[in-house]
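Since the structure comes first, as structure tokens, the remarks are kept for the end.
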Amino acid sequence: MNILMICTEKLPVPPIRGGAIQTYIDGVSSILAKEHQLTILGRDDSSLENDESVEGIRYVRVKSGTFENYAEGVKEFLRSHSFDIIHLFNRPRLVKYIREVAPQTRLVLSMHNDMFTTNKISSKEAEETISQLDQIVTVSNYIGRTIAELYPQAENKLKTVYSGVDIGRFVPPHSEDAQRMRRRIREENNLQNKKVILYAGRLSANKGADILVQAMPELAKRHSDIALIIVGSKWFSDDKVSDYVAYVRALASRLPIPVINTGFVAPDEIQNWFAAADVFVCPSQWQEPLARVHYEAMASGLPIITTARGGNPEVILPNENGIVIENPENPQEFTEQLTHIFSNLTQARNMGQYGRKLAESNYTWERVASDILDVWKEVERKIHNHIPISDENIEPLTKELVSTIHGQDTQIQPIKLIENESEGDIVKNHVSTKENVKSILLYELSNKNSLIESLLEKINKKAEDKNHTNINQIIQSTIGELEEMIEKVHSNHKKKEATNDVVNDISTAKLYLKNH
1 MNILMICTEK LPVPPIRGGA IQTYIDGVSS ILAKEHQLTI LGRDDSSLEN DESVEGIRYV
61 RVKSGTFENY AEGVKEFLRS HSFDIIHLFN RPRLVKYIRE VAPQTRLVLS MHNDMFTTNK
121 ISSKEAEETI SQLDQIVTVS NYIGRTIAEL YPQAENKLKT VYSGVDIGRF VPPHSEDAQR
181 MRRRIREENN LQNKKVILYA GRLSANKGAD ILVQAMPELA KRHSDIALII VGSKWFSDDK
241 VSDYVAYVRA LASRLPIPVI NTGFVAPDEI QNWFAAADVF VCPSQWQEPL ARVHYEAMAS
301 GLPIITTARG GNPEVILPNE NGIVIENPEN PQEFTEQLTH IFSNLTQARN MGQYGRKLAE
361 SNYTWERVAS DILDVWKEVE RKIHNHIPIS DENIEPLTKE LVSTIHGQDT QIQPIKLIEN
421 ESEGDIVKNH VSTKENVKSI LLYELSNKNS LIESLLEKIN KKAEDKNHTN INQIIQSTIG
481 ELEEMIEKVH SNHKKKEATN DVVNDISTAK LYLKNH
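Written out as structure tokens, the structure is:
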């Protein structure tokens, strides 16, 4: 297939200026390009060409600045280019711009942050956006939950795909590459024979670097041979000293231990600092989606101390590859857990080794790319089976099914959809029955021909008052399965005549009610 991936307007791809999303796209793109024709659209950068092909991947870069300017650049590109799938990242608001010029292209949205909150997108626009998406890929279950809580109709479109790491670049401590990097960094910074604590991330209050620094004085009393490395800057490649950066450095300057402030480190150099460390700490204070530094620490064979914030704990098995702090606003919590690590070096080493195994088995770019390919394959199936882009009719139909059943005391009113041959219309004909109930709800596709495409559901049950409660309970518990059935029938039954053959299959497999 011909596929376009659209990065955000903040930083370019490849990640020459850093960025988690940019690193993600760069990590999987070469693998994806082996299976599909791939174009990556991102923001421009003075050190990169605006249109180039590298190793079979086309990179197109448009002017950025504001989101609106970037969106217009995306639209302009799409006016003269078409794709089977557009996979956009972290910008649900971009969907409406894309739809203006690509109304029929299938859309996949990857979410790396909580961008569906009402202060970032209106409820109306969010609902319209969700209806236009085939799949929403999230970097953590936490992000998926935040979307589903606001918009339950998105739940069946959500799929968690954890991020990955280059396990050939971030290497375990026993490897020759790691030992060489470790030796060089420690010699250059006078860190020989030190127990080194590593922080890596942006320097902003919600990342909590100041909390970690405040944990050091008491820790130094217990372990005088410690050192702290702070890797990061205000905003990725921007090394300007903000008020917060100045505050953290002022706190650190008063510590009785060596502190190394590196500022921004290029993505292709960051592995050196992980190799130099003995423990990695993520003191995040906010509901973080899932910081990718956890994967880098695991691949580097470091024990991890992180916080119970957002999706960060999802990749930590307590006391196996790391430790989760429940009250990260308290510096003493970090003091205690770091004391535990340095007082139990064998356990710490085992944590690091297990983290490396997890990285190798679960968090490679190959695994991430495989999951993305599965998403695209499912979208391709929908394309081939002419399943409509918008699912705006699905939720009303499920509600209609429930209300139909709840609305009957001694009978269930089946719903028939009959095609008017002369006018080509679909009309509803409600028929009551007091015999064995056969409730058939047919799903009408929203296409120009108005042909019946699939059978949604059938319930076959004697119309006895005492059983209606059971019917209601079963329907309530299986609403989440209805959309799956829609897709199943869409894929297998193209003609109206075929729907009768699938009636018993669905009712037996999903909602067959035993006669009493």
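Last residue of the sequence shown: 516 (the UniProt record's numbering), numbering continuous.
Where a beta carbon is used, it is the ideal one built from N, C-alpha and C, also for glycine.
Just curious, the beta strand (DSSP E) that residue i is in, first and last residue?
| i | result |
| --- | --- |
| residue 51 | 51-54 |
| residue 88 | 85-89 |
| residue 227 | 226-231 |
| residue 249 | Element bounds for residue 249: not the beta strand (DSSP E) but the alpha helix (DSSP H), 243-253. |
| residue 281 | 279-281 |
With DSSP as the reference, please indicate the residues paired to residue i in a beta bridge.
| i | result |
| --- | --- |
| residue 62 | 43 |
| residue 318 | 322 |
| residue 238 | 235 |
| residue 195 | 226 |
| residue 107 | 86 |
| residue 165 | 364 |
| residue 159 | 137 |
| residue 5 | 40 and 87 |
| residue 306 | 324 |
| residue 57 | 54 |
| residue 200 | 231 |
If we count the other Cβ atoms within 10 Å of its Cβ and call it buried at 16 or more, is residue i buried or exposed?
| i | result |
| --- | --- |
| residue 174 | exposed |
| residue 66 | exposed |
| residue 56 | exposed |
| residue 250 | exposed |
| residue 168 | exposed |
| residue 410 | For residue 410, the predicted model reports a pLDDT of 31, less than 50, meaning its position is unreliable; a value from the coordinates is still stated below. Exposed, by the Cβ-count rule. |
| residue 531 | Nothing about residue 531 can be read from this structure; the chain reaches only from 1 to 516. |
| residue 308 | exposed |
| residue 328 | buried |
| residue 180 | exposed |
| residue 326 | exposed |
| residue 317 | exposed |
| residue 207 | buried |
| residue 61 | buried |
| residue 214 | buried |
| residue 281 | buried |
| residue 321 | buried |
| residue 381 | exposed |
| residue 110 | buried |
| residue 3 | buried |
Can you name the start and end residues of the alpha helix (DSSP H) that residue i belongs to?
| i | result |
| --- | --- |
| residue 346 | 345-362 |
| residue 78 | 67-78 |
| residue 298 | 293-299 |
| residue 377 | 365-384 |
| residue 261 | First-last for residue 261: 259-263, but that is the beta strand (DSSP E), not the alpha helix (DSSP H). |
| residue 27 | 20-32 |
| residue 274 | 270-276 |
| residue 186 | 176-188 |
| residue 130 | 123-131 |
| residue 98 | 94-101 |
| residue 211 | 209-214 |
Could you work out which residue in the options is closest to residue i when comparing CA atoms only?
| i | options | result |
| --- | --- | --- |
| residue 386 | 58, 105, 289 and 155 | 105 |
| residue 205 | 246, 165 and 190 | 246 |
| residue 117 | 137, 146 and 128 | 146 |
| residue 184 | 269, 240, 235 and 377 | 269 |
| residue 23 | 34, 8 and 36 | 8 |
| residue 283 | 198, 218, 353 and 76 | 198 |
| residue 344 | 195, 18 and 203 | 195 |
| residue 237 | 4, 3, 12 and 6 | 12 |
| residue 229 | 277, 215 and 5 | 277 |
| residue 219 | 341, 4 and 193 | 341 |
| residue 40 | 46, 68 and 81 | 81 |
| residue 334 | 347, 320, 306 and 360 | 306 |
| residue 279 | 96, 162 and 351 | 351 |
| residue 192 | 171, 170, 225 and 177 | 225 |
| residue 298 | 356, 3, 320 and 53 | 356 |
With a CB to CB cut of under 6 Å and the five nearest residues on each side skipped, what residues in its chain are close to residue i?
| i | result |
| --- | --- |
| residue 400 | With a pLDDT of only 48 at residue 400, under the threshold of 50, the placement of this residue in the model should not be trusted; the figure read from the coordinates follows. So the list is empty, once near-sequence residues are dropped. |
| residue 231 | 200, 262, 265 and 273 |
| residue 363 | 164, 165 and 295 |
| residue 379 | 85, 106 and 134 |
| residue 14 | 26 |
| residue 323 | 305 and 337 |
Going along the chain, which residues of its own chain have a beta-carbon closer than 7 Å to the beta-carbon of residue i, five neighbours each way excluded?
| i | result |
| --- | --- |
| residue 79 | 101 |
| residue 150 | 116 |
Please list, in chain order, all residues of the same chain as residue i whose beta carbon is under 8 Å from its beta carbon, the five residues on each side excluded.
| i | result |
| --- | --- |
| residue 141 | 160, 311 and 314 |
| residue 234 | 202, 203, 204, 240, 241, 242, 244 and 245 |
| residue 368 | 24, 27, 28, 161, 162, 163 and 164 |
| residue 17 | 11, 45, 236 and 237 |
Taking 8 Å as the threshold (beta carbon to beta carbon), is residue i in contact with chain B?
| i | result |
| --- | --- |
| residue 62 | No chain B is present in this structure, which holds just one protein chain. |
Within the present structure, is the beta-carbon of residue i separated from the nearest heavy atom of the ligand FAD by less than 7 Å?
| i | result |
| --- | --- |
| residue 16 | For the ligand FAD, the structure offers nothing, since it holds no ligand at all. |
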